[in-house]
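Enquirer: Have a look at this one.
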Amino acid sequence: MTKQPSSTEQQGLSRLIGSRVSRRSVLRGGVIGAAGLTAAALIGCGDDDDETPAPAATQPPAAATPTATATAIPTAAIERTATPTPTPTPTPAAGAAATATAAPEPAGPGYPLEPAYDYVGNARNDGAPFAYGWKEPDKTPVPGGILTYGARYGHGSFDNVTTGGYITQSVNTMAGDMLVGYHHGPDFNVYQMELNPDFGLATGWEVAPDGLSLTFSLREANFHNVAPVNGRALVASDVAQHYARMQNGRQAGLLLGLGAVEAVDDRTVRFNMDKPNADILVVAGNRELPIYATEVYDAGIADTTPIGTGPGILDPENTSQDQRMTFAANPDYWGGAPLLDAFRFDTITDGETLKAAFRTGQTYHGLPTLRTEELDALWGSVPGMNVMSNPSLMGISIFAVNSNVAPFNDTRVRRAIKLGMDVDRYLAIRYPNQSWPDSLPAFGWPFYSDVYPGRAAFGSTAPYDPDEAAKLLSAAGVEKGHKIRHRHPGGFSGPGGDTQLVFESLRELGFEPELLPSDGAAFADQYYAQGFSDPERRGSEMIQGWSTAAPTANGYFWENIHSKSSVQHFNIVDPVIDDLADRQFSEIDTEARRELFQQIMKQMNDEAYWMDKLPASAGIFILRPEVRFVRFHGPYIGIHSFWDWGYSMHKTWLDPDPPEQTLTVDLRG
Amino acid sequence: MAEQTVAAPAVREFPGAGRHPALDAAIRILTSPVGAASFGVLALVVLGAIFADVGKDPYQTSLAVLVGPSLDHPFGTDDLGRDQLARVMQGARISLWVGFLATAGGCLVGAAWGLISGFAGSWLDLVSQRVVDAMLAIPGIVLALFFVSIFTPGVTTGIVAIILVIIPFNARVIRSAVLAVKENVYVDAARVIGAGPLRIMLRHILPNVVAPILIMMSTVLGAAILIEAGLAFLGMGAQEPEPSWGLMLSDKGRQYMELAPWLAFFPAVAISITVLAFNLLGDVVRDVLDPRLRGSR
Numbered sequence: 024m025t026k027q028p029s030s031t032e033q034q035g036l037s038r039l040i041g042s043r044v045s046r047r048s049v050l051r052g053g054v055i056g057a058a059g060l061t062a063a064a065l066i067g068c069g070d071d072d073d074e075t076p077a078p079a080a081t082q083p084p085a086a087a088t089p090t091a092t093a094t095a096i097p098t099a100a101i102e103r104t105a106t107p108t109p110t111p112t113p114t115p116a117a118g119a120a121a122t123a124t125a126a127p128e129p130a131g132p133g134y135p136l137e138p139a140y141d142y143v144g145n146a147r148n149d150g151a152p153f154a155y156g157w158k159e160p161d162k163t164p165v166p167g168g169i170l171t172y173g174a175r176y177g178h179g180s181f182d183n184v185t186t187g188g189y190i191t192q193s194v195n196t197m198a199g200d201m202l203v204g205y206h207h208g209p210d211f212n213v214y215q216m217e218l219n220p221d222f223g224l225a226t227g228w229e230v231a232p233d234g235l236s237l238t239f240s241l242r243e244a245n246f247h248n249v250a251p252v253n254g255r256a257l258v259a260s261d262v263a264q265h266y267a268r269m270q271n272g273r274q275a276g277l278l279l280g281l282g283a284v285e286a287v288d289d290r291t292v293r294f295n296m297d298k299p300n301a302d303i304l305v306v307a308g309n310r311e312l313p314i315y316a317t318e319v320y321d322a323g324i325a326d327t328t329p330i331g332t333g334p335g336i337l338d339p340e341n342t343s344q345d346q347r348m349t350f351a352a353n354p355d356y357w358g359g360a361p362l363l364d365a366f367r368f369d370t371i372t373d374g375e376t377l378k379a380a381f382r383t384g385q386t387y388h389g390l391p392t393l394r395t396e397e398l399d400a401l402w403g404s405v406p407g408m409n410v411m412s413n414p415s416l417m418g419i420s421i422f423a424v425n426s427n428v429a430p431f432n433d434t435r436v437r438r439a440i441k442l443g444m445d446v447d448r449y450l451a452i453r454y455p456n457q458s459w460p461d462s463l464p465a466f467g468w469p470f471y472s473d474v475y476p477g478r479a480a481f482g483s484t485a486p487y488d489p490d491e492a493a494k495l496l497s498a499a500g501v502e503k504g505h506k507i508r509h510r511h512p513g514g515f516s517g518p519g520g521d522t523q524l525v526f527e528s529l530r531e532l533g534f535e536p537e538l539l540p541s542d543g544a545a546f547a548d549q550y551y552a553q554g555f556s557d558p559e560r561r562g563s564e565m566i567q568g569w570s571t572a573a574p575t576a577n578g579y580f581w582e583n584i585h586s587k588s589s590v591q592h593f594n595i596v597d598p599v600i601d602d603l604a605d606r607q608f609s610e611i612d613t614e615a616r617r618e619l620f621q622q623i624m625k626q627m628n629d630e631a632y633w634m635d636k637l638p639a640s641a642g643i644f645i646l647r648p649e650v651r652f653v654r655f656h657g658p659y660i661g662i663h664s665f666w667d668w669g670y671s672m673h674k675t676w677l678d679p680d681p682p683e684q685t686l687t688v689d690l691r692g
Numbered sequence: 174m175a176e177q178t179v180a181a182p183a184v185r186e187f188p189g190a191g192r193h194p195a196l197d198a199a200i201r202i203l204t205s206p207v208g209a210a211s212f213g214v215l216a217l218v219v220l221g222a223i224f225a226d227v228g229k230d231p232y233q234t235s236l237a238v239l240v241g242p243s244l245d246h247p248f249g250t251d252d253l254g255r256d257q258l259a260r261v262m263q264g265a266r267i268s269l270w271v272g273f274l275a276t277a278g279g280c281l282v283g284a285a286w287g288l289i290s291g292f293a294g295s296w297l298d299l300v301s302q303r304v305v306d307a308m309l310a311i312p313g314i315v316l317a318l319f320f321v322s323i324f325t326p327g328v329t330t331g332i333v334a335i336i337l338v339i340i341p342f343n344a345r346v347i348r349s350a351v352l353a354v355k356e357n358v359y360v361d362a363a364r365v366i367g368a369g370p371l372r373i374m375l376r377h378i379l380p381n382v383v384a385p386i387l388i389m390m391s392t393v394l395g396a397a398i399l400i401e402a403g404l405a406f407l408g409m410g411a412q413e414p415e416p417s418w419g420l421m422l423s424d425k426g427r428q429y430m431e432l433a434p435w436l437a438f439f440p441a442v443a444i445s446i447t448v449l450a451f452n453l454l455g456d457v458v459r460d461v462l463d464p465r466l467r468g469s470r
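Residue numbers (this note's numbering), protein chains in the order written: chain A, 24 to 692; chain B, 174 to 470.
Structure below.
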C-alpha cells in the first residue's frame with residue numbers, strides 16, 4: 024500500500040528539497056555532475072567534446088526563466104506521490120521567446136561571436152536545428168531487434184559500491200532501479216525535472232518536517248530470474264542493505280548525514296538521518312545508486328553479475344569486459360516486458376571509427392566529438408538522423424594555482440590571473456556557435472539563481488581587464504617572466520586547446536608558463552589521490568582539473584571546496600568557505616540555502632581560488648532514425664539525465680520503416 | 174749531336190681527378206638526376222625548417238578557425254586558428270632534428286659496437302651479436318613504443334627510442350665490413366710493427382668502413398623520420414602544442430578529415446616527400462660511395 028504524504032509532510036518535503044530544489048536542484052546538480060562526468064570522460068578521450076547552451080547576453084535562458092516552468096509545477100514534482108501527476112507539458116515559455124528574439128549585446132571587443140545563436144532558445148523553439156527531443160511518430164511499436172550503442176569507454180566493474188565510471192553508471196541503470204525515479208521518456212523536459220513514483224522502486228515517500236527521517240513505500244518488483252537470486256521479490260531489507268553498502272563505498276560522499284536505513288516491514292524503508300542532508304532525496308534517484316540483490320554481494324560476484332530489478336539482464340555469453348556488453352530483455356520487468364530483444368554496448372574508443380560505425384548502421388548511437396559544421400555531412404550519410412544537444416549549465420574545466428606558495432598565496436595575483444583571462448576570445452576560438460556567449464562558472468548557476476547570471480556569476484573577477492591585472496601584479500611585486508609550471512591532464516595526446524589559450528593569457532600578463540610533461544594515467548592517479556593538493560608532492564604551480572565530487576549541491580558547495588573534503592583537489596583552505604559550506608549542507612530552507620550558495624560563490628570569486636572562466640561547449644549527439652522512444656544524453660543534468668537509459672529501455676523499439684526526414688524539433692512539436 | 178726529345182707518356186685524365194674525394198662524391202651526387210631532385214626537395218625542407226620563425230607563429234591561436242587554404246593561410250588553419258604552413262615548417266624542424274640526431278646517435282653507437290665486436294671477435298663478438306640478434310628480433314616501432322611507454326612521451330624520449338632502433342642494424346652491418354677489412358694485409362702489417370688494437374681500429378680499419386657508415390646513415394635517415402612521425406601519430410612522440418607532422422596527422426588531421434581535409438593533407442605530403450627524398454638520396458649516396466653496388470638494384 025502506498026502512502027500519500029500529508030500536507031505537513033509535503034511542507035516538510037518542500038522545505039527539505041524545496042520547490043525550486045525539486046525543479047531546479049536536479050537540474051543544478053545535473054548540470055554540474057554531467058560537467059564533471061564529461062570532463063572526466065574528455066580527459067580520457069584526450070580531446071574536447073562537451074556541452075553548452077547559449078542564451079543571449081542580456082537575457083536569461085528560457086531554461087531558467089521562472090515562467091511556465093515555475094507555474095507548471097507549483098511545489099515541485101517531488102511532492103507528488105502515489106498518484107503521479109501528468110508530466111507537465113513544456114510550454115513555449117515567454118522567456119524562451121524573449122531569449123530567441125532579444126538583440127544580444129556584443130559579447131566582446133570585435134570577436135566574431137554570434138551571440139544571436141541562442142542554444143537554449145533554439146532548442147525550445149519550432150524549427151530549431153537541434154533540440155533535446157522530438158515528437159515520436161504515431162506508430163505501433165514493433166518488437167524485436169538489438170539496439171547497439173557505441174561506447175567510447177569500457178564498462179569495467181559492475182560493482183557500484185566500488186566503481187563509478189560513467190559508462191558503468193549508465194549501464195548499471197539497465198540492470199537495476201533506483202529507489203526514487205525521475206520522469207523519463209520522449210516527453211522528458213530537462214527543465215522540468217521531476218521525481219516521479221512511476222519510475223522508481225518507491226511508489227511514495229514521506230519526509231519528517233525536521234528532515235531527520237524519510238519513509239519510502241516500495242512497489243512489488245522481482246529481481247532478475249538469474250542464479251543465485253532466481254527472480255525473488257524485492258523486499259525492504261534489500262534497500263536497507265544496499266544503502267548500508269553504499270555508505271561504506273565509493274558513493275559515500277552522496278550520503279553524508281545519513282545514519283541507519285531501516286526496513287520497517289517488507290514494503291517500507293526508512294532513512295534515519297544523523298543530520299539533515301538537503302540533497303538526500305535527490306541522491307536516492309542518483310543513477311550511481313541502482314539497487315542490486317544482496318546475494319550478489321554475499322557471493323562476491325557484484326563486479327560481474329549485476330542482478331537488479333531493471334529491464335535488462337546481463338548476457339554473459341555476449342559480454343566481454345571493455346569490449347562488449349549485452350543486456351537481454353527482462354520479461355518480468357515491473358514496468359512491462361521490453362520490446363527489444365537486447366541492448367548492446369560496443370566499445371569503440373576512437374571517435375572517427377565511431378562515426379563510421381554510425382554511418383554504416385553498426386551502431387545506432389554513440390558519443391563522438393562533433394562540431395555543428397559536421398552535421399550536414401552526417402545527414403548526407405544518414406538521412407533522417409536525429410540530433411540532440413546537451414547544453415552545459417556550468418563550466419567543466421578548472422585551472423587552479425597553488426594558493427599555498429608565493430606569489431600565488433597573494434589574492435591579488437590570483438585575481439590578476441583571472442582578470443587576464445579573455446573569455447570572449449576563448450569562446451570564439453573553441454566553440455563558435457556551440458556554447459554560451461558568456462562564460463560559465465564551475466558552480467552550476469541553477470543551484471543559486473533563477474536566471475542565468477551570465478558574467479555576473481564571476482563577480483568582481485568577471486571582466487577581461489589586463490590593465491587592472493597588470494596593476495595588481497605590480498602591486499604584488501610579481502616580476503615579468505615569473506614561471507608557472509603547469510600540469511595538465513591531457514596525457515598522451517597533449518594538453519587541450521584550453522591550456523594553450525590560457526597560456527597565451529598568462530604570457531600577456533608577463534608570466535612564463537611551462538608545460539610539464541604529463542601522462543594521463545599518472546595525472547589521474549595523482550589528481551584523485553590529491554597529489555596536487557599536497558605542496559610537497561605537487562611540483563607545479565598550476566593544474567587543470569575538474570570536479571570529482573558528487574553531482575549534487577553538496578558536491579559542489581561542500582566536497583569541491585571544503586578543506587576537510589577528500590575530493591577537494593585545489594588546496595583551498597579558507598575558514599570562511601568551510602563555515603559557509605558546512606552551513607549550507609544542512610540548511611533545509613531553500614531560500615536560505617541559496618543565499619549561502621551565493622555567499623560561497625562571492626568568496627570563491629573574490630579570492631579567485633579557481634580560474635574557471637573557460638567556456639563549455641554544447642555537446643552534439645546523433646541518433647539513427649530507426650530508434651524510437653529512448654533518448655540518450657541530452658542536457659547534463661547531473662544526478663539525473665538522459666544518461667539514465669534504464670528508465671526508457673523497456674519501451675524502446677527499432678522502427679523498420681523510419682522517417683526519411685529528421686524529427687529533430689523541440690518537445691512541443 | 175742532335176738532342177732527342179722523348180715525349181712523356183700520355184696521362185689519362187679521369188673526371189674529378191685531383192679533387193678532394195668528398196667534393197668529388199658531392200659533385201657526383203648532385204649531378205645525378207635523382208640525387209639533384211632529392212637534394213632539391215630536402216633543401217626546401219631544410220630551408221623551411223630554418224626559416225620557420227620568420228613567418229607566422231606556429232603556436233599562436235587566432236579567430237580564423239578551420240579556414241581553408243588561402244593567400245593568408247596557404248595551408249589553412251586548424252581548430253585553434255593556428256596557421257598550418259607555419260606549423261608544417263616548424264614540424265620540419267622537429268622532424269629533421271629528430272631524424273639527424275637519432276641517425277647520428279644510432280649510427281655512431283652502432284658503428285662503434287660493430288667495430289669493436291668485429292675486431293675483437295671470440296666471445297665478445299659472440300655475446301654482442303646475440304644481443305644484436307635479440308634487438309633485431311623486435312620490430313623497430315614496437316621497440317620504440319616499449320621504450321617510450323616506460324618514460325614520458327616527448328621529442329627527447331623519441332630520439333632515444335629511435336637511436337635504440339637504429340643501433341642493431343648499424344652494428345650488424347659495420348661488423349660485417351670490419352670482418353672483411355681486418356683480414357687485409359695492411360692490418361697484419363700494422364700489427365707486426367707493434368700497433369695496438371685501438372690504433373689498428375681507429376687508424377687502419379675505421380677509415381675503411383666509413384663508406385658503409387655513411388651509406389647506412391643516408392638510408393636510415395628517412396626511416397628515423399618515419400618512426401618519429403609514427404610515434405607522434407600514436408601519441409608517443411612529440412606532444413601538443415608541438416607541431417610534429419605525425420601528431421598533426423593523427424590529432425587534428427584525423428579528427429577533421431572530413432571537415433578540414435587540409436589538416437591531414439599537408440603534414441602527410443610533408444612526411445611522404447621528405448622520407449622519399451631521403452631514401453632516394455640514400456640510394457644515390459650508396460651508388461657513389463660503393464661503386465660495386467652501382468646498378469645492382
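Using N, Cα and C, we set each Cβ at its ideal position, and we do this for glycine too.
Would you mind stating whether I452/A and G173/A have Cβ atoms separated by less than 7 Å?
Expert: Taking 7 Å as the Cβ cut-off, I452/A and G173/A do not qualify as a contacting pair.
Enquirer: DSSP on M336/B, reduced to helix/strand/coil?
Expert: It should be pointed out that residue 336/B corresponds to Ile in this sequence rather than to Met. Reduced to three states, the DSSP call for I336/B is helix.
Enquirer: Work out the CA separation of I446/B and V461/B for me, nearest whole Å.
Expert: In a straight line, the C-alpha of V461/B is about 22 Å away from that of I446/B.
Enquirer: Does the beta carbon of G520/A come closer than 7 Å to any beta carbon on chain B?
Expert: Yes, G520/A counts as interfacial toward chain B.
Enquirer: At the level of alpha carbons, what is the spacing between A493/A and I595/A?
Expert: Whole-angstrom Cα-Cα distance: 24 Å.
Enquirer: If you drop the 5 nearest sequence neighbours on each side, which residues of the same chain put their C-beta closer than 6 Å to that of T434/A?
Expert: Here the set comprises E630.
Enquirer: In this structure, does DSSP put S236/A in helix, strand or coil?
Expert: Of the three classes helix, strand and coil, the one that applies to S236/A here is strand, per DSSP.
Enquirer: Among all the DSSP beta bridges, which residues are the ones paired with Q567/A?
Expert: F422/A.
Enquirer: Buried or exposed for A425/B, please, with buried defined as at least 16 other CB atoms from any protein chain shown within 10 angstroms of its CB.
Expert: Strictly speaking, residue 425/B in this sequence is Lys, with Ala absent from that position. K425/B is buried by the Cβ-count criterion.
Enquirer: What would DSSP say about L279/A, mapped onto helix, strand or coil?
Expert: Coil, per DSSP.
Enquirer: Between K229/B and M262/B, what straight-line distance do the alpha-carbon atoms span, to the nearest angstrom?
Expert: Taking the straight line from one Cα to the other gives about 10 Å.
Enquirer: Name the DSSP beta bridge partners of Y172/A, please?
Expert: Beta-bridge pairing links Y172/A to F368/A, H388/A.
Enquirer: Strictly under 7 Å for the Cβ-Cβ distance: is G249/B near chain A by that measure?
Expert: No, G249/B does not count as interfacial toward chain A.
Enquirer: Rounding to the nearest angstrom, what Cα-Cα distance links G467/A and K587/A in this structure?
Expert: G467/A and K587/A: Cα-Cα distance of roughly 22 Å.
Enquirer: What separation, rounded to the nearest whole angstrom, lies between the Cα atoms of L299/B and F439/B?
Expert: Each residue's alpha carbon lies about 47 Å from the other.
Enquirer: As a quick exercise: from A198/B, D256/B, I202/B, A195/B, pick the residue whose alpha carbon is nearest that of L453/B.
Expert: Cα-wise, what sits closest to L453/B is I202/B.
Enquirer: Report yes or no: is there a C-beta of chain B within less than 7 Å of the C-beta of I566/A?
Expert: Output row for I566/A: interface = no.
Enquirer: Alpha carbon to alpha carbon, what distance is there between A317/B and V328/B?
Expert: Going by the C-alpha atoms only, they are around 12 Å apart.
Enquirer: Is N381/B helix, strand or coil by DSSP?
Expert: If DSSP states are grouped into helix, strand and coil, N381/B belongs with the helices.
Enquirer: Among V410/A, G276/A, A379/A, whose alpha-carbon lies nearest the alpha-carbon of N309/A?
Expert: Nearest of V410/A, G276/A, A379/A to N309/A, Cα basis: G276/A.
Enquirer: Pair every Cβ in the segment 268–286 of chain A with every Cβ in the segment 243–252 of chain A, then say whether three or more of these pairs are closer than 8 Å.
Expert: Judged by Cβ distances under 8 Å, the segment 268–286 of chain A makes no contact with the segment 243–252 of chain A, as fewer than three pairs qualify.
Enquirer: Does at least one heavy atom of the ligand FAD sit under 6 Å from the Cβ of W296/B?
Expert: With respect to the ligand FAD, the structure offers nothing, as it holds no ligand at all.
Enquirer: Locate the beta strand (DSSP E) running through V230/A, then write down its first and last residues.
Expert: It spans 225–230 - the beta strand (DSSP E) in which V230/A sits, taken as one unbroken run.
Enquirer: Could you tell me whether the Cβ of Q523/A comes closer than 7 Å to any Cβ of chain B?
Expert: By this cut-off, Q523/A is an interface position.
Enquirer: In chain order, what residues of the same chain lie with their CB nearer than 6 Å to the CB of T238/A, ignoring the 5 residues before and after it?
Expert: Only E229, R293 meet the Cβ criterion.
Enquirer: At a Cβ threshold of 7 Å, is P414/B touching chain A?
Expert: Yes, its Cβ sits closer than 7 Å to a Cβ of chain A.
Enquirer: Just to confirm, are I378/B and V354/B a CB contact at a threshold of 7 Å?
Expert: Yes; because the gap between Cβ atoms is below 7 Å, this pair is in contact.
Enquirer: Using a threshold of 7 Å, state whether the C-beta atoms of F320/B and A334/B are closer than that.
Expert: It is a contact, given that the beta carbons lie within the stated cut-off.
Enquirer: Determine the closest residue to A352/A out of R367/A, D345/A, Q346/A, Q344/A, with distance taken between C-alpha atoms.
Expert: Selected option, being the one with the closest Cα: R367/A.
Enquirer: Could you spell out the range, first to last residue, of the beta strand (DSSP E) harbouring P313/A?
Expert: First-last for P313/A: undefined, no H or E at that position.
Enquirer: Report the CB separation of A465/A from W676/A in whole angstroms; it is logged as a contact under 8 Å.
Expert: Incorrect: roughly 40 Å between the Cβ atoms, too far for contact.
Enquirer: Ignore the nearest five residues each way along the sequence and tell me which others in L539/A's own chain have a CB closer than 7 Å to its CB.
Expert: These residues qualify, in order along the chain: R508, H509, R510, S563.
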